[in-house]
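Asker: A single structure is presented below for examination.
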Amino acid sequence: MIWQFGTNDQVLAVALSEDGLFGATVTGEKVYLFDENGTKLWSYPVSCGRSVAISSGGEHIAAGGDHLLLFDRSGEVLRRYMPASRVQGIAIAADGQAIYAGTGAGLQVFFPESDQTAASAAWSSGTKDPIRSVSIDKEGSGVVAAGESGNIYFFSGEGQLLWNYKTGSNGIRAVISHDGLAVAAVSSQRTMYLLNRHGRLLWKSPMDGRAVDISLSGDGSTLVLAGEGISVLGRDGETLWKGVPGEEIRCVSASPDMTRIITGALDGTVSVFRLQPETPSVGSTLSQDAAATIEPLQTSVAPDPGRTAPQQGALLPLAPLVTVNACVVALIWWRREKQ
11 MIWQFGTNDQ VLAVALSEDG LFGATVTGEK VYLFDENGTK LWSYPVSCGR SVAISSGGEH
71 IAAGGDHLLL FDRSGEVLRR YMPASRVQGI AIAADGQAIY AGTGAGLQVF FPESDQTAAS
131 AAWSSGTKDP IRSVSIDKEG SGVVAAGESG NIYFFSGEGQ LLWNYKTGSN GIRAVISHDG
191 LAVAAVSSQR TMYLLNRHGR LLWKSPMDGR AVDISLSGDG STLVLAGEGI SVLGRDGETL
251 WKGVPGEEIR CVSASPDMTR IITGALDGTV SVFRLQPETP SVGSTLSQDA AATIEPLQTS
311 VAPDPGRTAP QQGALLPLAP LVTVNACVVA LIWWRREKQ
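Under the working numbering, the first residue of the sequence shown carries the number 11, and numbering increases by one thereafter.
Shown next as structure tokens:
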């Protein structure tokens, strides 16, 4: 079955807590927080909202637009910052103690517990490349930012630029896996990239359709693309599943274990799915009727020239379960067992 929530405005960004029990969404006018049952816990007005992030356990939510806002789980505003320019991408450390904001002036980092003023950042990247998306690993030791120029930047948690990869494409969005070992990106030129933590290109591949956002499993073995529907891909680029064809999906976020996926659509719909392969009993094998179901949570190898180093809801009626070909299910299950 599918559960959805209508915001009546274009959904511009979504985020899931690590356990998938809390989902955050931002439109141009509001930021929302939902619990695991799809109950809207609260919403708060924002100015030109563009991005949202949530800490590991859902204790802190950050929203970016004309302002950078930090909330606690109850919706109280803890901090309000006025960056030099609009926040287009945002990430928050697992413990909520650092906020990474992608702005027109580059990557800026704020520490809510510090005595810094509302207008100042703890440090800035100094890249002078407008940053469109930001992602951080679980330990906070790797931060990935995608620039308007098409460059992918990799920073240490202390702000040191370790490498950048030049894609030559505009409209890049990039994400780092939870374990920090893989970096994936999509471009508006319909190209996917997968790199390791050190900036080495593992593969790049053209896409059949348009993709505007990307998410990764915790170990980097599975990718989720948003665009003309949703696509779930394996690490080597093979398609494992496609869903909601014909819908304009603007943004996506997956839990590290890939059991939950949240999406936001241009029509204002937020959907939270559970990706749940059926588990065969001990000693049994998958039959031709085996299926994986996408069901919602309750909601109302060569050196690469591109790499360079730095110089220094509302409940909807039940819908039929989505079935996937048995061989795809077997592949998903095998990949998980292998991990």
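For every residue, glycine included, the Cβ atom is placed at its ideal position computed from N, Cα and C.
Nearest by alpha-carbon distance to residue 4: which of 57, 180, 103, 29 is it?
Answerer: Nothing about residue 4 can be read from this structure; the chain reaches only from 11 to 349.
Asker: What is the rounded straight-line gap between the Cα of residue 26 and the Cα of residue 178?
Answerer: Reading the sequence shown from its first residue, position 16 is the one you call residue 26. Reading the sequence shown from its first residue, position 168 is the one you call residue 178. In a straight line, the C-alpha of residue 26 is about 30 Å away from that of residue 178.
Asker: So, under 8 Å CB-CB, residue 262 and residue 24 are touching, yes? Tell me the CB distance rounded to an integer number of Å.
Answerer: For the purposes of this step, residue 262 is taken as the residue at position 252 of the sequence shown. For the purposes of this step, residue 24 is taken as the residue at position 14 of the sequence shown. The Cβ separation is near 7 Å, so the contact holds.
Asker: Where does residue 266 fall in DSSP's three states?
Answerer: Within the sequence shown, numbered from 1, the residue matching residue 266 stands at position 256. Here residue 266 sits in coil by DSSP.
Asker: Rounding to the nearest angstrom, what Cα-Cα distance links residue 146 and residue 154 in this structure?
Answerer: To locate residue 146, count along the sequence shown from 1; it is residue 136. To locate residue 154, count along the sequence shown from 1; it is residue 144. Going by the C-alpha atoms only, they are around 6 Å apart.
Asker: Is the beta carbon of residue 230 sitting closer than 8 Å to the one on residue 166?
Answerer: Stepping through the sequence shown from its first residue, residue 230 is reached at position 220. Stepping through the sequence shown from its first residue, residue 166 is reached at position 156. Result no, Cβ atoms of residue 230 and residue 166 do not sit closer than 8 Å.
Asker: Report the three-state DSSP secondary structure of residue 208 (helix, strand or coil).
Answerer: Within the sequence shown, numbered from 1, the residue matching residue 208 stands at position 198. It is coil, neither helix nor strand.
Asker: Decide if residue 238 is buried, meaning its Cβ has at least 16 other Cβ atoms within 10 Å, or exposed.
Answerer: If you number the sequence shown from 1, residue 238 lands on position 228. By the neighbour-count rule (16 or more Cβ atoms within 10 Å), residue 238 is buried.
Asker: Using 8 Å as the Cβ pair cut-off and three pairs as the minimum, do the segment 27-35 and the segment 65-85 touch?
Answerer: yes
Asker: Can you grab the Cα-Cα spacing for the pair residue 117 / residue 62, in whole Å?
Answerer: For the purposes of this step, residue 117 is taken as the residue at position 107 of the sequence shown. For the purposes of this step, residue 62 is taken as the residue at position 52 of the sequence shown. Rounded to the nearest angstrom, the two C-alpha atoms are 15 Å apart.
Asker: Write down the C-beta distance between residue 142 and residue 152 rounded to the nearest angstrom, noting that I regard them as a contact closer than 8 Å.
Answerer: Your numbering for residue 142 matches position 132 in the sequence shown. Your numbering for residue 152 matches position 142 in the sequence shown. Contact between residue 142 and residue 152 fails: their C-beta atoms lie close to 18 Å from each other, not under 8 Å.
Asker: Confirm, please, whether the CB-CB distance from residue 108 to residue 150 is below 8 Å.
Answerer: By one-based count along the sequence shown, residue 150 stands at place 140. By one-based count along the sequence shown, residue 108 stands at place 98. Yes, Cβ-Cβ distance for residue 150 and residue 108 is below 8 Å.
Asker: Could you check what DSSP says for residue 315 in three-state terms: helix, strand or coil?
Answerer: The residue given as residue 315 occupies position 305 in the sequence shown. Here the model assigns residue 315 a pLDDT of 49, short of 50, so the residue's position is not dependable, and the following value carries that caveat. Here residue 315 sits in coil by DSSP.
Asker: On the DSSP bridge list, what partners appear for residue 226?
Answerer: Position 216 of the sequence shown, counted from the first residue, corresponds to residue 226. Paired residue(s): 233.
Asker: Per DSSP, which one or two residues make a beta bridge with residue 238?
Answerer: For the purposes of this step, residue 238 is taken as the residue at position 228 of the sequence shown. In the DSSP output, where bridge partners are listed per residue, residue 238 has 258.
Asker: If you drop the 5 nearest sequence neighbours on each side, which residues of the same chain put their C-beta closer than 8 Å to that of residue 206?
Answerer: Counted from its first residue, the sequence shown places residue 206 at position 196. The residues are 191, 192, 193, 212.
Asker: Within the segment 157-213, note down every full beta strand (DSSP E) run reaching 3 residues or more, in order along the chain.
Answerer: 161-166, 171-176, 183-186, 192-196, 201-206
Asker: Take the Cβ of residue 98 as the centre, count every other Cβ of all protein chains shown within 10 Å, and call the residue buried at 16 or more, exposed below.
Answerer: What you label residue 98 is simply residue 88 of the sequence shown in a count that begins at 1. Flag for residue 98 reads buried.
Asker: Got a sec? Which residues, its chain only, sit under 8 Å from residue 94 by beta carbon, not counting five neighbours each side?
Answerer: Numbered from 1 along the sequence shown, position 84 holds the residue referred to as residue 94. Excluding sequence neighbours, residue 94 sits near 113, 114, 115, 118.
Asker: In three-state DSSP terms, what is residue 104?
Answerer: Taking the sequence shown and counting its residues from 1, one reaches residue 104 at position 94. Looking at residue 104 - three-state DSSP - the assignment turns out to be coil, as it is neither helix nor strand.
Asker: Measuring only the C-alpha atoms, how far is residue 18 from residue 55?
Answerer: Position 8 of the sequence shown holds residue 18. Position 45 of the sequence shown holds residue 55. Going by the C-alpha atoms only, they are around 14 Å apart.
Asker: At what residues does the beta strand (DSSP E) containing residue 22 begin and finish?
Answerer: In the sequence shown, counting from the first residue as 1, residue 22 sits at position 12. 21-26 is the extent of the beta strand (DSSP E) around residue 22.
Asker: For residue 257, collect the residues of the same chain with a Cβ closer than 7 Å to its Cβ; drop the 5 residues on either side in sequence, then sort them by chain order.
Answerer: Along the sequence shown, read from residue 1 onward, the residue named residue 257 stands at position 247. Cβ neighbours of residue 257 beyond the five flanking positions: 239, 275.
Asker: Would residue 22 and residue 48 be called neighbours here (beta carbons separated by less than 8 Å)?
Answerer: If you number the sequence shown from 1, residue 22 lands on position 12. If you number the sequence shown from 1, residue 48 lands on position 38. Cβ atoms of residue 22 and residue 48: not closer than 8 Å.
Asker: Could you please give the first and the last residue of the uninterrupted beta strand (DSSP E) stretch that includes residue 31?
Answerer: Against the sequence shown, residue 31 aligns to sequence position 21. From DSSP, residue 31 is part of no beta strand (DSSP E); its letter is neither H nor E.
Asker: Could you check the C-alpha separation between residue 159 and residue 139 for me, to the nearest Å?
Answerer: If you number the sequence shown from 1, residue 159 lands on position 149. If you number the sequence shown from 1, residue 139 lands on position 129. Cα-Cα distance, rounded: 7 Å.
Asker: Distance, Cα to Cα, residue 219 vs residue 226?
Answerer: Taking the sequence shown and counting its residues from 1, the one referred to as residue 219 is at position 209. Taking the sequence shown and counting its residues from 1, the one referred to as residue 226 is at position 216. A straight line joining the alpha-carbon of residue 219 with that of residue 226 spans about 19 Å.
Asker: Where do the ends of the beta strand (DSSP E) carrying residue 77 lie?
Answerer: Along the sequence shown, read from residue 1 onward, the residue named residue 77 stands at position 67. It is not in any beta strand (DSSP E) - residue 77 carries neither H nor E in the DSSP assignment.
Asker: What separation, rounded to the nearest whole angstrom, lies between the Cα atoms of residue 270 and residue 14?
Answerer: Your numbering for residue 270 matches position 260 in the sequence shown. Your numbering for residue 14 matches position 4 in the sequence shown. In a straight line, the C-alpha of residue 270 is about 14 Å away from that of residue 14.
Asker: So what does DSSP say about residue 41, is it helix, strand or coil?
Answerer: On the sequence shown, position 31 is the one that residue 41 refers to. Strand.
Asker: Could you tell me which residues DSSP puts in a beta bridge with residue 138?
Answerer: Here residue 138 is taken as the residue at index 128 of the sequence shown, counted from 1. According to DSSP, which records beta bridges pairwise, residue 138 is partnered with nothing at all.
Asker: Evaluate residue 216 with the Cβ neighbour count: other Cβ atoms within 10 Å of its Cβ, from every protein chain shown; 16 or more gives buried, anything less gives exposed.
Answerer: By one-based count along the sequence shown, residue 216 stands at place 206. When all chains shown are included, residue 216 counts as exposed.
Asker: Sort out for me which residues DSSP pairs residue 66 with in a bridge.
Answerer: Taking the first residue of the sequence shown as position 1, residue 66 is located at position 56. Partner(s): none; residue 66 has no beta bridge.
Asker: If distances are taken between C-alpha atoms only, which option among 16, 170, 111 comes closest to residue 53?
Answerer: On the sequence shown, residue 53 is found 43 positions in, with the first residue counted as 1. Residue 53 has its Cα closest to that of 16, out of 16, 170, 111.
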